[in-house]
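First up is the structure itself, then whatever we jot down about it.
Structural data, given as structure tokens:
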């Protein structure tokens, strides 16, 4: 299955979600195609928030820092009242 086909399938599935969703997408990710990550976010019809990471799935100090920042962003999302999630 091509990367495009996978992204389309996931995007179609994302359209069914109605609960608030936090997406942490990476601009550079050797494991997951960034186009698919952003396609999922754009397909979500309900309340959503996008956290953009410079890199995903990387080892070493840069990866650890990116993971910590993404975790904090996710925790901040969970603390938001529903009306602040767009």
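Numbering (my numbering), first residue to last: 4 to 89.
Cβ coordinates follow ideal geometry from the N, Cα and C atoms, glycine included.
Q | Reduced DSSP secondary structure (H/G/I, E/B, other) of residue 60 | A | What you label residue 60 is simply residue 57 of the chain shown in a count that begins at 1. Assigned with DSSP and collapsed to three states, residue 60 falls in coil, not helix or strand.
Q | Endpoints, beta strand (DSSP E) assigned at residue 46 | A | Within the chain shown, residue 46 is the residue found at index 43, counting from 1. Here residue 46 belongs to no beta strand (DSSP E); instead the alpha helix (DSSP H) covers 37-46.
Q: Going by DSSP, name the residue or residues bridged to residue 54.
A: Here the question's residue 54 lines up with position 51 in the chain shown. DSSP, once it has assigned bridges, lists 27 as partnering residue 54.
Q.
Helix, strand or coil, according to DSSP, for residue 32 in the structure here?
A. Numbered from 1 along the chain shown, position 29 holds the residue referred to as residue 32. Reduced to three states, the DSSP call for residue 32 is coil.
Q) On the three-state DSSP scale, how would you describe residue 21? A) Position 18 of the chain shown, counting from 1, holds the residue named residue 21. Under the three-state reduction of DSSP, residue 21 is assigned to coil, being neither helix nor strand.
Q: Could you say which of 49, 61 and 76 lies nearest to residue 16 if we only look at CA atoms?
A: Here residue 16 refers to the residue found at position 13 when the chain shown is read from its first residue. Ranking the options by Cα distance to residue 16, first place goes to 49.
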